[in-house]
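Presented below is the structure to which this report refers.
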Amino acid sequence: MSDAQSPATAVAGGTAGGSDLAGSGSAPGYAPGRTLPLVVEIVRQFKRRRTLAMFGLLLALPWILVVAFKVGAGSSQQANSLRISDLATEGALNFAAFALSVSVGFLLVVAVALFCGDTVASEASWSSLRYLLAAPIPRDRLLRQKLVVAMGYSAAAVICLPLMALLAGTLAFGWNDVRVPGTGETIAALEVLPRFGVVIGYALVSQFVVAALAFLLSVSTDSPLGAVGGAVGLVIVSNILQAVETLGSVREFLPTFWNTAWLDALAPQPEYDGMIKGVAVSVTYSVILIAFAFRRFRSKDVVS
80 MSDAQSPATA
90 VAGGTAGGSD
100 LAGSGSAPGY
110 APGRTLPLVV
120 EIVRQFKRRR
130 TLAMFGLLLA
140 LPWILVVAFK
150 VGAGSSQQAN
160 SLRISDLATE
170 GALNFAAFAL
180 SVSVGFLLVV
190 AVALFCGDTV
200 ASEASWSSLR
210 YLLAAPIPRD
220 RLLRQKLVVA
230 MGYSAAAVIC
240 LPLMALLAGT
250 LAFGWNDVRV
260 PGTGETIAAL
270 EVLPRFGVVI
280 GYALVSQFVV
290 AALAFLLSVS
300 TDSPLGAVGG
310 AVGLVIVSNI
320 LQAVETLGSV
330 REFLPTFWNT
340 AWLDALAPQP
350 EYDGMIKGVA
360 VSVTYSVILI
370 AFAFRRFRSK
380 DVVS
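Taken in order, the sequence shown gives residues 80 to 383; the numbers are from the working numbering.
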């Protein structure tokens, strides 16, 4: 019998747990740390149609909203309405805040779930995952590279929408001071601009739970749609439970409870207590879920 291992054997054994083969019969010059460079994975993911389609939608949404507001400018509105939607045409920052508020609860959730849930599951569905591991690429490294790229695209998705909304709002409605929803108070735009940067950062962190769950499901199934749908389903269920007021303070531990806490940063006297709690909840859940993802993938049978 020959001692040579087949690719399937290498997948099931030699690469399990992220162990490298250097010093154990590997080819000369093999270096686990040089396998699957980030640039390669970035280009591979960028060329996919779902990436281009999602970024196209995110970049187009602010302009669609501008057209909607322009077309509906002549319709009747309640006098002195101070809702965020009715103040969206007051200036670029008001418009960007509105665009973020209508997208953070679903569209950005879908984008993050798509980038993080499709990355490993799609390889499994194409039967290319076993060949990547047989290359051989250590399992931990493969998962880490894919997670970094997925999170990078998720961050770009969350950031590009409000930035495009700022551009669209400036061209359509001008660069004016900010009117605060609810109170109608006015704050200088230059004073609010740094806070809006914090708002964008918080919107990104609040999506960590979605990203982590989608990634865990991605390494657990060969169905990309199942991984993406599972993460989106978490948000839907969390929003439903959030509306059950009899749960009391228990709702504060739901992953979506603090998603709108960023509005407090745009108040005349900004408050960050809710955002701090939201960051703590999001980071805690995401660290646990990602740890489970790595543990699951180390022992997963990708040959069957």
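Where a beta carbon is used, it is the ideal one built from N, C-alpha and C, also for glycine. For clarity, every value in this text was computed on a predicted model and none was experimentally measured.
| Query | Result |
| --- | --- |
| Rounded to whole angstroms, what is the Cα-Cα separation between arginine 377 and arginine 220? | 11 angstroms |
| What first and last residue would you give for the alpha helix (DSSP H) that runs through phenylalanine 194? | 186-196 |
| If you follow the alpha helix (DSSP H) that serine 365 is in, where does it begin and where does it stop? | 352-377 |
| I'd like to know if the segment 141-152 and the segment 193-211 are in contact, where contact means that at least 3 CB-CB pairs between them fall below 8 angstroms. | no |
| Below 7 angstroms CB to CB, which residues in the same chain sit around tryptophan 142 once its five sequence neighbours on both sides are set aside? | Ala247 |
| Could you check the C-alpha separation between valine 188 and arginine 274 for me, to the nearest Å? | 22 angstroms |
| With 16 other CB atoms within 10 Å as the buried threshold, where does glycine 357 fall? | buried |
| Hey, how far is the Cα of tryptophan 337 from the Cα of glutamate 331? | 7 angstroms |
| Whole angstroms is fine: what's the gap from tyrosine 364's alpha carbon to proline 334's? | 8 angstroms |
| Considering serine 180, what are the terminal residues of the alpha helix (DSSP H) in which it resides? | 171-182 |
| Helix, strand or coil for isoleucine 238? Go by DSSP, reduced to three states. | helix |
| Could you tell me the boundaries of the alpha helix (DSSP H) in which tryptophan 142 lies? | 128-150 |
| Is the number of C-beta pairs between the segment 192-200 and the segment 305-313 that are closer than 8 angstroms three or more? | yes |
| In chain order, what residues of the same chain lie with their CB nearer than 7 angstroms to the CB of leucine 144, ignoring the 5 residues before and after it? | Ala178 |
| Opposite valine 118 in the DSSP bridges: which residues? | Valine 118 pairs with nothing; no bridge assigned. |
| Using the DSSP secondary-structure output, state which residues sit across from valine 257 in a beta bridge. | Ile266 |
| Output yes if chain D places a C-beta closer than 8 angstroms to the C-beta of tryptophan 337; else output no. | You won't find chain D in this structure, because it holds only one protein chain. |
| DSSP three-state label for serine 164, please. | coil |
| Would you call the segment 256-271 in contact with the segment 164-180, where contact means no fewer than 3 C-beta pairs closer than 8 angstroms? | yes |
| Would you please state the rounded distance, in angstroms, between the beta carbons of alanine 235 and proline 303? I believe it to be under 8 angstroms. | About 20 angstroms; that fails the 8 angstroms criterion. |
| Could you give the distance in angstroms between the alpha-carbon of valine 277 and the alpha-carbon of aspartate 380? | 42 angstroms |
| Using CA coordinates, which residue listed in Leu283, Thr325, Leu272 and Arg218 is at the minimum distance from methionine 230? | Leu283 |
| Comparing alpha-carbon positions, which option in Leu250, Glu270, Gly353 and Ala251 lies nearest valine 259? | Glu270 |
| Please return the same chain residues whose Cβ sits closer than 7 angstroms to the Cβ of proline 182, not counting the five positions on each side in sequence. | Note that residue 182 corresponds to serine in the displayed sequence, not to proline. Contacts found: Leu140 and Leu240. |
| Does the Cβ of isoleucine 315 have 16 or more other Cβ atoms within 10 Å, making it buried, or fewer, making it exposed? | exposed |
| Leucine 295 and phenylalanine 371 - do their beta-carbons sit closer together than 8 angstroms? | yes |
| Cβ of serine 180 within 8 angstroms of Cβ of serine 285? | no |
| To the nearest angstrom, report how far apart arginine 162 and alanine 176 are at their CA atoms. | 12 angstroms |
| Have a look at leucine 186 and valine 289 and give me their C-alpha separation to the nearest angstrom. | 12 angstroms |
| Going by CA-CA distance only, name the one from Leu131, Arg375, Arg374 and Val329 that's closest to serine 233. | Leu131 |
| Do leucine 345 and valine 257 have their C-beta atoms within less than 8 angstroms of each other? | yes |
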